[in-house]
Every structure is written in C-alpha cells, then in structure tokens.
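S.K.:
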Amino acid sequence: MQLFELGIKQSQVGLAKGEFSSVDLTQSIIDRYHAKNAEIGAYLTFDEEQALELAKANPKAVPIAIKDLINVTGQPCTCASKILKGYVSPYDATVIKNLKANGFIPAGRVNMDEFAMGSSTENSGLGVTRNPYDLTRVPGGSSGGSAAAVGGDLCIAALGTDTGGSIRQPASFCNCVGVKPSYGRVSRFGVTAFASSLDQVGPMTKSVEDAAILLKALAGHDEMDGTTPKIEVPDYEKAIEGASMKGVKLGLAKEYLETAGMDGEVKRIMDAAIAKCEAAGAELVEVSLPHTEYAMAVYYIIAPAEASANLARFDGVRYGHRSEAAKDVFSLYTKSRSEGFGAEVKRRIIMGTYVLSSGYYDAYYGKAQKVRTLIKRDFDEAFAKCDALITPCAPTPAFKFGANQDPLTMYLNDLYTIPSALAGVCASAVPAGFTSDTKLPVGVQFICGGFEEEKLLKISKAFEDIAK
Ligand code: GLN
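The numbering used here runs 771 ahead of the 1-based position in the sequence shown.
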C-alpha cells in the first residue's frame, strides 16, 4: 500500500509508530497530485511549499484537502469563482485552527461548484473535476473536488460543505463517507457563506472511523459563530467502538423510498441495504414525513434569498475581480459582478432578490419559513418513532457531463438531502455498493436528530461493517 492510499486512522497509527513522518505522507500526496490531478482535476491549487513546511513543523500531522471556500492564511480562497481570482486569505477559518490544534494540516485546495451552488461541480468557474470511478462522469457537487480527491486517493481525507446536500451527494457518487453535521455543530467562521441558515462544514473520508475522528477535531463552540452552542463534543471515535445494528430502530419513509425518478439500480442497492440492516438486527419502522414534497420549493426560496444577501459583498471594490471597463461606481459594481459571477450564481442572486423584494416577501420568503417549520416538525415526529432514517443519497448514480443541462433537473439531485438540511439535523452518506451494469458507487444516507452525531456515526459504522 502506498502512503496516499491511507485513511486518517491508518496514517495516525503509522505516524505514531514512526513508520513514516508527516513530510513523507504529504510528499506522497504531492507526488500523487502530480501523477493524477491533470486527469481528475480534484485540486484547483496546491501550495506544496506551505504544505511541506507545515508537515515539517508538525511531524505527526495528517494532511487534509480543503474545499476552496474555507479560508487558510496565505492561500487563495476562490470559491471556484472568477470574481475571487487573486484573493489571498489573511486568516484561518475556525475549522482550520481546530484542524491544526488536533494533529492535522491543510494541504491543497479542491474544486467545487461556484459558491457551492450546484450538484456536479460543472458550475466551477475555474476547472473541470472528473469522477475517479468513470472519467466521463461528474463527481457530484458542490463538494466534487473533495469527493474526487478522497475517492481517487489524491488525499487522506477532505473537508466539504453541505448546504442542501453538497457533502452527501458527491460522497455517494465517489464512494466516500460524508457527514453533514447538525446546524451549529461546526463553526462557519471563515467559511465563505452561501446560505447562512443552512451551511455546515463536514468530513469526507475513506471510512466512518475517519469521519468520526475528523468531526471530533472540527466540532465545538466558537465565539466567532453565534450559532454554535456550548455543548460538549463527544468522543466520536470512542462512540463507534463495537457499533452494531442490533435493536436499532430504522425509519423507512415512503416519501424517500417510493419516489418517481429513482434509478432502478439505486432502488436495488437501497432495498439490499435495508435487508442487510434487518438481517443484522435492526428493527424496521414505517414513518411518514408528509411535508417532504415542499422541501425543494422551500429550499429554492430560502437558499437564494440568503445567497443574494451574502454575495452582495463581492462588488469589485473589496475583493478579487474588478472590471477594467468600469466608468463610474455604478458600472464598477455591475460590470465587475457581471464579468465575475457565472450563470448559476447570477440566477440565484436574481431569484433571491426577487423573493425578498417588498410585495413578494410575504408570499414567498415568509411562507417558505413557515413551511420550513412544518418540515422540521416532520423530523421531530419521525424521530419519536425511530433512531434514524435510512434513505438514498441521490436519485441516480454519477451522471455524464452535460446530462443535467436544465437547472430544474439538476436541482432534483438533492431531493433526499434538502429536507434534513432545512431541519438542521445531522446526516451521513455511507458507501453501499456498485451498480451492476456501470460499476458506479452508490451510497445510502442515514439521518438522525439534531446533535445526535454519536448515534449517527454508530449506525453508519454498523452499516459500513455489514455493507462490505
Ligand atoms: N445542490 C444544491 C444547490 O445547488 C446544494 C448545494 C450545497 O449543498 N452547497 O444549492
């Protein structure tokens, strides 16, 4: 086995035994980057010098690939947008500080959909990322670079972000484990905001154990982010020891399992996954989340509304791209934004501005907030009857480049991940098998209640053990 193939736990064991150093591990990732990145396109940039310096200073540290919207001192932070080309971060995000304090170093910046808007990484303004399992297909998105780097062994593990599914869907497409923590579990300070009431940073890894280790490092209260409560972070690594499906009440919801548009192979893998859980001792419970059908509409009001406000700061004055064609302040704003943002980002800004405008605010934004509450209640009621929901991550396996040209069909990728994001609860993606014809990976999703990551990881680990 080569060093770049290792996961976090294996790396930590080897480092502790002195079998290799952090410099060896980091160098192995860099060599792999040179050998493979031209083909996969997982990374946008890789500051080899900084990574090796950090490794030298922290000989037991494990390198982690960072989605290009998280600030790391001295590094670019483009959000895969032309508007942020040339921007260099003056500070570390809290998650980066937490990584460094817990035996990790940031190494390399991975691609994404521009400002995390998308489900295939095709919306990146800066590069193409291919699925390591089939180069003619997308890696998913928006954390497509993270997923491709993990799935293609171009890193040990990566950070992604999830607003409506951006950790879970690409994890499913690239055979990774991904965890979207509960809203507030992980600090967003220094993470470029897309939709502030939804965004969360989370681990994308080669095993559930690695996800537990990385989440433990990331999570916790942060003075710089008022949404992070002062709740102790459990020892997630310990929590998964001896995990078992015995007696776990798994919720089956028809709103997730009997949907039109679910690929036949995804359905087959889902059914097999449920059967394996039952055989391993899980109790299957039927539950219903009746407001699921409104989640997509609610998300595409709330997320663009928040994005339109968050992205107002990119005005050609304070950060990155400034139009050369500008003649006055007004044209500086409009031309810099027109030239800098891609089509999907513009679409969201326009939608968001519309739903927030006076006259439409109550009809769209206000109403969406009310329905969001009903969606949250659906989850409360479901979790009164079960420990976790088991659902697909996405309706299909990885699709071909250009297959979802229409924005609406692209949005439908997040059918199964958006409701839990709106409810603020936690969820994971765990590899479940491969399609029989195309040999593409498919993951299942587990969803638990808010701040129930211990339970979520235990169930995910138990599933990982029986899915093999
Ligand atoms: N695909 C969804 C969107 O385009 C979710 C993105 C995300 O979670 N960042 O908004």
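Built from N, CA and C at the ideal position, the CB exists for glycine as well.
1) Beta carbon of Ser-890, beta carbon of Asp-1149: below 9 Å?
2) With a threshold of 16 other CB atoms inside 10 Å of the CB of Ala-756, please say whether the residue is buried or exposed.
3) Beta-carbon separation of Pro-1202 and Val-948 under 9 Å?
4) Considering only residues of the region 867 to 943, which uninterrupted beta strand (DSSP E) runs meet the minimum length of 3 residues and lie entirely inside it, listed in chain order?
5) For Glu-1057, does the three-state DSSP call read helix, strand or coil?
6) Return the CA-CA distance between Lys-1156 and Val-1019, expressed in angstroms with no decimal places.
7) Looking at the secondary structure, which residues open and close the beta strand (DSSP E) in which Ile-1218 lies?
8) Any idea if Gly-973 is buried or exposed, counting beta-carbon neighbours within 10 angstroms, 16 or more meaning buried?
9) Can you tell me where the beta strand (DSSP E) holding Leu-989 begins and where it ends?
10) Quick check: is any heavy atom of the ligand GLN less than 8 Å from the C-beta of Ser-913?
11) Count the other CB atoms within 10 Å of the CB of Met-995; is the residue buried (16 or more) or exposed (fewer)?
12) Between the alpha carbons of Glu-1223 and Val-1215, how many angstroms are there, rounded?
13) Is it the case that the Cβ atoms of Ala-872 and Ala-836 are separated by a distance below 9 Å?
14) To which residues does DSSP link Leu-1021 through a beta bridge?
15) Could you name the residues of the same chain whose beta carbon sits closer than 8 Å to that of Met-1181, not counting the 5 residues immediately before and after it, in chain order?
16) For Val-909, count the other beta carbons within 10 Å of its own beta carbon; 16 or more makes it buried, fewer makes it exposed. Which is it?
17) What number of angstroms, rounded off, separates the C-alpha of Ile-779 from the C-alpha of Ile-984?
18) Quick check on Ile-1121: buried or exposed, where buried means 16 or more other Cβ atoms within 10 Å of its Cβ?
19) Are there 16 or more other CB atoms within 10 angstroms of the CB of Ile-1230, so buried, or fewer, so exposed?
20) Restricting to Cα atoms, I'd like to know which of Val-1088, Lys-977, Lys-1001, Cys-945 is closest to Ile-927.
21) Following a CB-centred definition, is Ala-1014 positioned closer than 8 Å to any heavy atom of the ligand GLN?
22) Along the chain, where does the beta strand (DSSP E) containing Lys-807 start, and where does it finish?
23) Going along the chain, which residues of its own chain have a beta-carbon closer than 7 Å to the beta-carbon of Asp-818, five neighbours each way excluded?
24) Between the region 1076 to 1084 and the region 1122 to 1136, can you find at least three pairs of beta-carbon atoms closer than 8 Å?
25) Does the region 1128 to 1143 come close enough to the region 1154 to 1169 that 3 or more CB-CB pairs lie under 8 Å?
26) Please identify the residue among Pro-1163, Asp-884, Asp-970 whose C-alpha is closest to the C-alpha of Gly-1022.
27) Taking all protein chains shown into account, do 16 or more other C-beta atoms lie within 10 angstroms of the C-beta of Ile-1002, making it buried, or fewer, making it exposed?
28) Give the C-beta separation of Ile-1045 and Leu-1055 to the nearest angstrom, bearing in mind that I take them to be a contact with Cβ-Cβ under 8 Å.
29) Between the C-alpha atoms of Pro-1005 and Glu-824, what's the straight-line distance to the nearest angstrom?
30) If we ignore side chains and look at the alpha-carbon of each, how far apart do Thr-998 and Thr-1209 end up?
M.R.: Looking at the coordinates:
1) Within the sequence shown, residue 890 is the residue found at index 119, counting from 1. Within the sequence shown, residue 1149 is the residue found at index 378, counting from 1. The answer is no: Cβ separation not under 9 Å.
2) The question about residue 756 has no answer here: the residues shown for the chain are numbered 772 through 1239.
3) Looking up residue 1202 in the sequence shown gives position 431. Looking up residue 948 in the sequence shown gives position 177. Yes, the Cβ-Cβ distance between Pro-1202 and Val-948 is below 9 Å.
4) 875 to 881, 929 to 933
5) Against the sequence shown, residue 1057 aligns to sequence position 286. DSSP places Glu-1057 in strand when its eight states are reduced to three.
6) Here residue 1156 refers to the residue found at position 385 of the sequence shown. Here residue 1019 refers to the residue found at position 248 of the sequence shown. Their backbone Cα atoms lie some 11 Å apart in a straight line.
7) Sequence index remark: in the sequence shown, residue 1218 carries index 447 (1-based). Its beta strand (DSSP E) spans residues 1212 to 1219.
8) What you label residue 973 is simply residue 202 of the sequence shown in a count that begins at 1. Looking at its Cβ environment, which holds 16 or more other Cβ atoms inside 10 Å, Gly-973 is buried.
9) Mapped onto the sequence shown, residue 989 falls at position 218. No beta strand (DSSP E) holds Leu-989; the alpha helix (DSSP H) holding it covers 979 to 989.
10) As a position in the sequence shown, residue 913 is number 142, starting the count at 1. Because some heavy atom of the ligand GLN lies under 8 Å away, the Cβ of Ser-913 counts as near it: yes.
11) Translated into positions along the sequence shown, residue 995 becomes position 224. Burial call: exposed.
12) In the sequence shown, the residue the question calls residue 1223 occupies position 452. In the sequence shown, the residue the question calls residue 1215 occupies position 444. Their Cα atoms are separated by approximately 18 Å.
13) For the purposes of this step, residue 872 is identified with residue 101 of the sequence shown, where counting begins at 1. For the purposes of this step, residue 836 is identified with residue 65 of the sequence shown, where counting begins at 1. Against a cut-off of 9 Å, the Cβ pair of Ala-836 and Ala-872 comes out as no contact.
14) In the sequence shown, the residue the question calls residue 1021 occupies position 250. Bridge partners of Leu-1021: Leu-1055, Ala-1159.
15) Sequence index remark: in the sequence shown, residue 1181 carries index 410 (1-based). Once the five neighbours on either side are set aside, the close Cβ partners of Met-1181 are Gly-889, Ser-890, Ser-891, Asn-1175.
16) What you label residue 909 is simply residue 138 of the sequence shown in a count that begins at 1. Looking at its Cβ environment, which holds 16 or more other Cβ atoms inside 10 Å, Val-909 is buried.
17) Mapped onto the sequence shown, residue 779 falls at position 8. Mapped onto the sequence shown, residue 984 falls at position 213. Ile-779 and Ile-984: Cα-Cα distance of roughly 8 Å.
18) On the sequence shown, residue 1121 is found 350 positions in, with the first residue counted as 1. By the neighbour-count rule (16 or more Cβ atoms within 10 Å), Ile-1121 is not buried but exposed.
19) Along the sequence shown, one-based indexing puts residue 1230 at 459. Label assigned to Ile-1230: buried.
20) Here residue 927 is taken as the residue at index 156 of the sequence shown, counted from 1. Of Val-1088, Lys-977, Lys-1001, Cys-945, the residue nearest in Cα terms is Lys-977.
21) On the sequence shown, position 243 is the one that residue 1014 refers to. Checking every heavy atom of the ligand GLN against the Cβ of Ala-1014, none is found closer than 8 Å.
22) Counting from one through the sequence shown, the residue named residue 807 turns up at place 36. No beta strand (DSSP E) holds Lys-807; the alpha helix (DSSP H) holding it covers 793 to 811.
23) Reading the sequence shown from its first residue, position 47 is the one you call residue 818. Result list for Asp-818: Gln-846, in chain order.
24) yes
25) no
26) As a first step, residue 1022 is located in the sequence shown; it is residue number 251 there, counting from the start. Cα-wise, what sits closest to Gly-1022 is Pro-1163.
27) Working through the sequence shown from its first residue, we reach residue 1002 at position 231. Burial call: exposed.
28) Looking up residue 1045 in the sequence shown gives position 274. Looking up residue 1055 in the sequence shown gives position 284. Ile-1045 to Leu-1055, Cβ: 7 Å. Contact.
29) Position 234 of the sequence shown, counted from the first residue, corresponds to residue 1005. Position 53 of the sequence shown, counted from the first residue, corresponds to residue 824. Answer to the nearest angstrom: the Cα atoms are 32 Å apart.
30) The residue given as residue 998 occupies position 227 in the sequence shown. The residue given as residue 1209 occupies position 438 in the sequence shown. Those two C-alpha atoms are separated by around 43 Å.
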